[in-house]
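Below: the structure, in structure tokens.
Number of protein chains: 2
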Amino acid sequence: MKEVTVDIKATKSSKYPIYIGENLLEKANDLIKENCKATKLLVITNEKIDGLWGDKLKLENAEKFIIPDGEKFKNFETLISILNKASELRLDRKCAFVAFGGGVIGDMTGFAASIYRRGVDFIQIPTTLLAQVDSSVGGKTAVNNDFGKNLIGTFYQPKLVIADTKTLTTLDDRQIKTGFAEVVKYAFIEKTCGENFGFFDFLSKNIEEIKKLNLKFIDETVEICCKLKASVVHKDEKENGLRAILNLGHTYGHALEKCSNYSVFTHGEAVAVGLQVCFDLSLALNLIDENYYDKASDLINKFEFNLPEHEYYEPEKLIETMKFDKKVEAGKVRFVLPTNIGEVKIFDDINKKILKEILK
Amino acid sequence: MKEVTVDIKATKSSKYPIYIGENLLEKANDLIKENCKATKLLVITNEKIDGLWGDKLKLENAEKFIIPDGEKFKNFETLISILNKASELRLDRKCAFVAFGGGVIGDMTGFAASIYRRGVDFIQIPTTLLAQVDSSVGGKTAVNNDFGKNLIGTFYQPKLVIADTKTLTTLDDRQIKTGFAEVVKYAFIEKTCGENFGFFDFLSKNIEEIKKLNLKFIDETVEICCKLKASVVHKDEKENGLRAILNLGHTYGHALEKCSNYSVFTHGEAVAVGLQVCFDLSLALNLIDENYYDKASDLINKFEFNLPEHEYYEPEKLIETMKFDKKVEAGKVRFVLPTNIGEVKIFDDINKKILKEILK
């Protein structure tokens, strides 16, 4: 079992562990007891996860609540159903909400925990690669509304994260790939995170084993990604600066997801396209040389993201949508762009003409 | 103009001023600029307040959003309407939400600010006595749900509070009285707050001027209440201990409000009954002597709360409701009870037989 610590600099007493390894579900009850004083647990999950892995997760003093599966249910309606369930069970302030599932479940459960009785304990048990390497770490919680993705939410750190990599073995190819998009993202931002694990080379070298889901390599991949994210969140929990680099590929990715009504692309697929757009943009703006451009594009391609058709999305519409990205101020289009291997910079107002050219 | 500072011990950089005085609405624009960097303001108010005082509040770069008036609209539906308005206006992270009204507006606007784009700046301009002496200070935000009052919310501190006591002059008698209930509460807890302004004597001596709304005395009253609350919140923002004393009279008060569907009693009226119940209970439990009991009851009576009939509420039903009070753990009934002038203690499990006797 690997352990990564997240330590938020700005807040007292908000240090927590991420446990990574195979078959951790069976140890979850003990790990929770070690790290959380909650007297009652409310496990939020969906039917699929529960059917596949629910038997392995045996928690004491726990109630279960099943929510519908999918990004389109990441809304106020589902959030309120969680809060009503907790109220109905008369859970008091000493309870904890446990997110058992992917990013959607994690984001909503965390949000619910942060506002139920003005905040109860929160535990993450991510079961997708995307959630394990990214969304379960760092305390962002959210729901979508009609105007955009994750527009409503809080910053709320869990008490612990338990990433059982064995759960990844029941994901289908598309679900694994959506996680790989965030994984490869970390290779492009590692040094700006303030670390140097040689992740770009690690991925390039071991890509076949990783794609085969050899858990030895997956465990290490998850660990490195969590360390990189922890390093960023330590310095900037609330995205006042540095944390924005985690959004490499996301400005375009979010717009693509939104314009296709969250029903065509998985998050990772949209990010994968977004990453390539960033490299195209960086090259067009002379921020990187062709050598790095080729190496990076090659690494992205090797993951074989099998993207749905998306040429029919109008550049104008996408740009208009990007202007309303959560990260953006006053109608500008902000991009995180690669400048060197593992290095990125934030550009606050991208020239829309060049952007439009690229998008064509 | 008086100024009280709230300084949250546990969090870095969350110090903020409360300004108290007559005609501060006219100075609000400058006070906001001094204390908040927001580039755009969204003022949340209701028709009544806006009609009476909207003209005096001239803010630059501000949009206004009118919500319906009353506790029964303090729910997710209204909250979502505020968030949709902000989204529709495409307000970015540098905006601030301004609560211009009473406690309902303050609680909901604060909650909305705390979750819009994971938190934007929040400004309180309370226009009722209840809000000025109590709810606008300390950062509790909330909505009600079907299971209870304020069950969903956050702790979220404003950037500043502007209490224009002139706005109190258009409140009707019942609205003023609802504020007096919280005012007199502070007289009973002052020393346990860690202060000693002689507030019990101040109130006893000046009650006629205060009831007449002589603003000289009102300003001082608001100032003392804010100082007492600030003193408590400084030590315990998130109600892990001391802060619970602010709920003197509220265990019973909340149950009464809930059982009458929030439509019979104002919050203060319910608290006024709750305060008397606490003194009855304290006397029955030999926590106070008859001398203090008489003095306290006399002070409560002098405020002439003109309570609606409430004898028809069943003690059993009220006790059952109290068990589900947000402050309570595992079916116990917690009461804050007076033990001496200005002093209270928290009792975690009140004997339900004695309680039932009192309630009869």
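Residue numbers (the working numbering), protein chains in the order written: chain S, 2 to 361; chain B, 2 to 361.
Glycine included, C-beta positions come from ideal geometry on N, C-alpha and C.
Does any CB atom of chain B fall closer than 8 Å to the CB of residue i?
i                 : result
Phe156 of chain S : yes
Phe77 of chain S  : yes
Lys141 of chain S : yes
Glu321 of chain S : no
Ser115 of chain S : yes
Applying a beta-carbon distance threshold of less than 8 Å, which residues of chain B neighbour residue i?
i                : result
Lys73 of chain S : Chain B residues near Lys73 of chain S: none, gap ~17 Å exceeds 8 Å.
Glu89 of chain S : Phe148
Under 7 Å between beta-carbons, which chain S residues line up against residue i? List them in chain order, please.
i                 : result
Thr335 of chain B : Rather than Thr, the amino acid found at residue 335 of chain B in this sequence is Arg. Simply none; closest approach about 11 Å.
Could you tell me the alpha carbon to alpha carbon distance between residue i and residue j, rounded to whole angstroms?
i                 : j                 : result
Leu25 of chain B  : Leu169 of chain B : 12 Å
Ser264 of chain B : Lys73 of chain B  : 8 Å
Glu35 of chain B  : Leu161 of chain S : 40 Å
Asn302 of chain B : Lys75 of chain B  : 30 Å
Ala143 of chain B : Asn352 of chain S : 42 Å
Phe304 of chain B : Lys28 of chain B  : 32 Å
Glu317 of chain S : Lys354 of chain S : 10 Å
Arg299 of chain B : Gly269 of chain B : A quick correction: the sequence has Asp, not Arg, at residue 299 of chain B. Their Cα atoms are separated by approximately 17 Å.
Gly242 of chain S : Lys150 of chain B : 37 Å
Ala285 of chain B : Ser88 of chain B  : 54 Å
Leu214 of chain B : Glu221 of chain B : 12 Å
Asn341 of chain S : Ala39 of chain S  : 46 Å
Gly1 of chain S   : Asn307 of chain S : A query on residue 1 of chain S cannot be resolved here, the shown segment of chain S reaching from 2 to 361 and no further.
Gly103 of chain B : Asp173 of chain B : 13 Å
Pro127 of chain B : Lys206 of chain B : 27 Å
Ile347 of chain S : Val278 of chain S : 15 Å
Phe123 of chain B : Leu92 of chain B  : 13 Å
Leu216 of chain B : Ile67 of chain B  : 29 Å
Asp350 of chain S : Tyr314 of chain S : 22 Å
Lys239 of chain S : Thr79 of chain B  : 27 Å
Glu358 of chain B : Ser82 of chain B  : 45 Å
Asp165 of chain S : Glu258 of chain B : 47 Å
Ile33 of chain S  : Glu209 of chain S : 34 Å
Thr12 of chain S  : Cys194 of chain S : 20 Å
Ile50 of chain B  : Leu282 of chain S : 51 Å
Is there a Cβ from chain S that is less than 8 Å from the Cβ of residue i?
i                 : result
Ser136 of chain B : no
Leu42 of chain B  : no
Asn85 of chain B  : yes
Run through chain B and tell me which residues come within less than 9 Å of residue i, C-beta to C-beta.
i                : result
Ile81 of chain S : Phe77, Asn146, Ile153
So which residues on chain B does residue i lean against when the C-beta distance must stay under 7 Å?
i                 : result
Glu238 of chain S : Within chain B, no residue comes near Glu238 of chain S; the closest Cβ sits about 10 Å away, beyond 7 Å.
Return the chain-ordered ranges of every alpha helix (DSSP H) run that is complete within the segment 28-56 of chain S and spans a minimum of 4 residues. 29-36, 48-54
Cβ contact check for the segment 221-228 of chain S and the segment 123-143 of chain S: 3 or more pairs under 8 Å: yes
Does the contact criterion of 3 or more C-beta pairs under 8 Å hold for the segment 42-53 of chain S versus the segment 88-102 of chain S? yes
At least three beta-carbon pairs within less than 8 Å, the segment 228-248 of chain S to the segment 337-350 of chain S: With the cut-off at 8 Å, the segment 228-248 of chain S and the segment 337-350 of chain S touch.
Any beta strand (DSSP E) of 3 or more consecutive residues that is wholly inside the segment 187-229 of chain B: none
At which residue ranges does the segment 249-327 of chain S contain complete alpha helix (DSSP H) runs of 4 or more residues, listed in the order of the chain? 251-260, 268-285, 291-303, 316-323
Within 8 Å, do at least three Cβ pairs link the segment 176-192 of chain B to the segment 52-70 of chain B? no
Should the segment 178-192 of chain B be regarded as contacting the segment 260-277 of chain B, the criterion being three or more beta carbon pairs within less than 8 Å? Counting Cβ pairs under 8 Å, three or more are found: they touch.
Check whether the segment 101-121 of chain S touches the segment 145-162 of chain B, taking contact to mean three or more Cβ pairs, one atom from each stretch, closer than 8 Å. yes
Those runs of the alpha helix (DSSP H) which lie wholly inside the segment 54-91 of chain B and span at least 4 residues: 77-89
May I have a chain-ordered list of the beta strand (DSSP E) segments no shorter than 3 residues that lie completely inside the segment 105-129 of chain S? Correct list: 122-127.
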